[in-house]
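Written out below as structure tokens is the structure these notes cover.
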Amino acid sequence: MVVSPYTTVTLNNRWGMDASGMLPNIYCNHVPLEQLRRHPRFNSLPPPEDLVLGDSAEYRLVRQDHETWDKLHAGMLTTGVLASGLGFYESESVKRLRLPPSRASRDRLAAAMERLRQKPYLPPDHGASDAAMLNSAVVQRWQSRCREPDDDVNQVIGRSQVTAGTARNTARRLASLGLKGVGCAYGKVQEASTLVELMSCFPNCTVQEAGLHMANPAHNGAAALPPMGASPDGLLFRPVPDASERPESLTLSGEEVGQDGSPESSSGVWEVVEIKNVCPFGQSGSGLFTLKDMDPVWEVRAEWVPQLQFHMLCSGLSSALLVSRSATRGLRVFRMPADEAYAGLMKHYIARLWAAVRAGRRSLPANPWVREAKYQDLLRRTLMLARSARVVAEHPGAQPLRGCTHLTRWFLDDGREGAAPS
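Following the UniProt record's numbering, the numbering of the sequence shown begins with 1 at its first residue and continues without gaps.
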């Protein structure tokens with residue numbers, strides 16, 4: 001069932017929820033990333049070995065599952081430490097943002113500062129003058145040969161390389177880490193599945209694989225700010241034939257983004273995609289994992305606002321989609337526009353943090369800025385933006401996959417299948 005991007009539907013559980021076990025299976029009904037890259041409406045990135053990373057503008061082409069992407073984070077402010085660096089997990093900020101008290105931590109601000117003290121990584125071909133031209137040709141060649149336009153989409157996304165042994169070993173390892181470890185791993189493994197459902201929700205769209213998009217130093221004050229980059233979970237292109245429909249999603253620069261992530265003119269708009277998968281597992285006091293019938297989120301959480309706004313700041317786009325997917329109850333999509341005033345407040349406190357790091361400081365006092373009017377404005381705007389994000393699409397979710405047993409079972413214990421019904 002495909003639902004119009006602006007139609008609301010009732011999301012129902014169709015798979016059965018009476019399962020429990022000791023070995024939760026994060027691969028249940030997942031779509032492998034390598035198969036997503038063969039989807040006819042997904043523009044994938046080439047292997048980084050084929051690219052020339054002459055300057056930071058080319059980092060947007062580096063796949064997020066490659067070691068080079070990890071190395072590029074050294075010395076850089078990214079969304080992984082952004083909210084921490086803004087002091088959002090200091091005790092007073094947690095209260096004012098109405099976050100669970102358990103989110104408060106003094107360590108997270110110090111961890112953001114530690115990241116900024118790291119020596120930046122420079123790729124071996126840094127400084128190559130013809131990188132943009134060479135990479136454009138590489139991307140075009142790659143995308144022309146990696147797709148399977150004549151294949152049935154359901155066949156393409158159903159080919160998993162995960163073996164029964166791998167699934168079971170992963171389940172054992174994650175079970176030893178507890179529910180938090182299971183939830184983090186599930187959210188990452190299922191991102192490709194969510195993008196496939198998103199393309200079903202927006203049937204005329206295409207999705208671009210995203211690398212590390214660097215904020216333009218010329219626009220953001222190179223001296224006052226650290227290197228800054230963001231890695232959205234994807235960039236969605238939505239054709240818009242009528243120009244009157246376009247204003248809320250136009251890019252900040254008045255340009256669009258091409259298939260290689262670079263600006264170009266087109267008859268549609270690009271939007272940042274951020275995925276928040278809902279973990280289907282819970283855990284009892286005895287340690288037994290259970291399956292929970294969870295809805296996709298009903299609202300955008302305040303702590304996600306800096307991430308969404310930073311994605312737009314670094315990519316140059318002016319609209320973001322937050323996609324929440326439940327394994328059993330489908331998908332809900334929120335839209336948030338870019339807010340230049342909010343971006344300005346973020347940059348102000350990023351600059352303050354960067355100044356402290358450059359001065360050799362390893363930590364800041366508790367709640368360092370909470371009494372400042374400008375910081376209070378940042379917190380207020382965070383709550384306002386979270387409340388203002390609106391639901392633009394819902395989708396009942398994909399049918400459970402049919403195939404290898406270890407890919408359709410929620411739990412991998414012997415005799416405790418927890419399988420989706422046939």
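Idealized CB from N, CA, C, for every residue including glycine.
Residue i versus the options, residue with shortest Cα-Cα distance
| i | options | result |
| --- | --- | --- |
| ARG145 | LEU291, GLU67, LEU45 | LEU45 |
| THR68 | SER84, GLY75, ASP55, GLU49 | GLU49 |
| LEU317 | VAL357, PHE42, VAL81, ALA215 | ALA215 |
| SER388 | LEU321, GLU209, PRO123, ARG358 | LEU321 |
| LEU86 | ILE26, ALA112, GLN64, VAL62 | ALA112 |
| SER200 | GLU394, ILE275, ASP65 | GLU394 |
| THR340 | ASN367, ARG168, TRP142, MET312 | Reading off the sequence shown, one finds Glu at residue 340, where the question assumed Thr. The residue with the shortest Cα to Cα distance from GLU340 is MET312. |
| GLY136 | PRO226, LEU61, ARG409, GLU191 | The sequence given here places Ser at residue 136; Gly does not occur at that position. Per the Cα distances, LEU61. |
| MET346 | SER84, SER102, PHE281, ARG38 | SER84 |
| GLY21 | ARG381, ASN367, PHE289, ARG38 | PHE289 |
| ARG63 | THR79, GLY54, ARG37 | ARG37 |
| ASP65 | VAL357, ASP377, GLU191, VAL323 | GLU191 |
| ALA319 | VAL392, TYR349, ARG381 | According to the sequence displayed, residue 319 carries Ser and not Ala. Residue VAL392 is the option with its Cα nearest to SER319. |
| GLN283 | THR166, LYS119, LEU134, LEU174 | LEU174 |
Pair within 9 angstroms by beta-carbon distance, residue i and residue j
| i | j | result |
| --- | --- | --- |
| ARG325 | GLY234 | no |
| LEU77 | TYR121 | no |
| TYR59 | VAL162 | no |
| PRO227 | SER56 | yes |
| ALA132 | PHE411 | no |
| GLU281 | TYR186 | Residue 281 is actually Phe in this sequence, not Glu. Their beta carbons are under 9 angstroms apart, which means PHE281 touches TYR186 by this criterion. |
| ASN367 | SER176 | no |
| residue 432 | ALA224 | This structure does not reach residue 432, given that the chain is present from 1 up to 422, and the question cannot be answered. |
| HIS126 | GLY229 | no |
| ARG106 | VAL370 | no |
| GLU209 | ASN43 | yes |
| residue 423 | LEU383 | The structure shown does not extend to residue 423, since the chain is modelled only from 1 to 422, so the question has no answer here. |
Nearest-angstrom Cα separation, counted from residue j out to residue i
| i | j | result |
| --- | --- | --- |
| ARG115 | GLU90 | 18 angstroms |
| CYS314 | GLN307 | 11 angstroms |
| LEU198 | LEU379 | 31 angstroms |
| PRO100 | PHE88 | 12 angstroms |
| MET336 | ASN277 | 18 angstroms |
| GLY285 | GLY178 | 12 angstroms |
| ASP413 | ARG108 | 36 angstroms |
| ALA164 | ASN204 | 35 angstroms |
| GLY330 | ALA343 | 32 angstroms |
| GLN140 | LEU236 | 18 angstroms |
| TYR375 | ARG168 | 47 angstroms |
| THR328 | ARG409 | 13 angstroms |
| GLY75 | GLN35 | 33 angstroms |
| THR170 | ASP130 | 43 angstroms |
| GLY33 | ARG238 | Rather than Gly, the amino acid found at residue 33 in this sequence is Leu. Looking at the two C-alpha atoms, the distance is approximately 22 angstroms. |
| GLN143 | PRO47 | 11 angstroms |
| GLU255 | SER267 | Confidence in GLU255 is poor, its pLDDT being 38 and thus under 50, which makes the residue's placement too unreliable to answer from. |
| LEU353 | THR79 | 15 angstroms |
| VAL81 | ARG103 | 14 angstroms |
| LYS180 | HIS39 | 31 angstroms |
| GLN259 | VAL138 | Legend: pLDDT at GLN259 = 48, less than 50; position of this residue unreliable, no value from coordinates given. |
| PRO217 | PRO123 | 19 angstroms |
| SER253 | HIS213 | Bear in mind that a pLDDT of 32 at SER253, under 50, signals an unreliable position, so the model cannot answer this. |
| VAL323 | PHE202 | 12 angstroms |
| GLU372 | LYS119 | 31 angstroms |
| ARG332 | ARG381 | 23 angstroms |
| LEU134 | THR166 | 38 angstroms |
| GLY287 | ARG172 | 13 angstroms |
| VAL357 | ASP377 | 24 angstroms |
| CYS184 | CYS279 | 8 angstroms |
| TYR349 | ASP70 | 25 angstroms |
CB-CB length for residue i against residue j, believed under 8 angstroms
| i | j | result |
| --- | --- | --- |
| residue 485 | GLN309 | The structure shown does not extend to residue 485, since the chain is modelled only from 1 to 422, so the question has no answer here. |
| VAL269 | VAL240 | 6 angstroms |
| VAL52 | ALA128 | 5 angstroms |
| SER231 | GLY211 | 7 angstroms |
| ARG41 | VAL207 | 7 angstroms |
| VAL189 | PRO24 | The pair is not a contact, with the Cβ atoms about 12 angstroms apart (cut-off 8 angstroms). |
| ALA302 | ARG98 | 7 angstroms |
| VAL305 | LEU385 | 5 angstroms |
| VAL300 | VAL31 | That pair is no contact at about 25 angstroms. |
Residue i: CB within 8 angstroms of a non-hydrogen atom of the ligand MN
| i | result |
| --- | --- |
| TYR121 | Here there are no bound small molecules, and the ligand MN is not part of this structure. |
Cβ pair count under 8 angstroms reaching 3, the region 346-366 against the region 293-300
no
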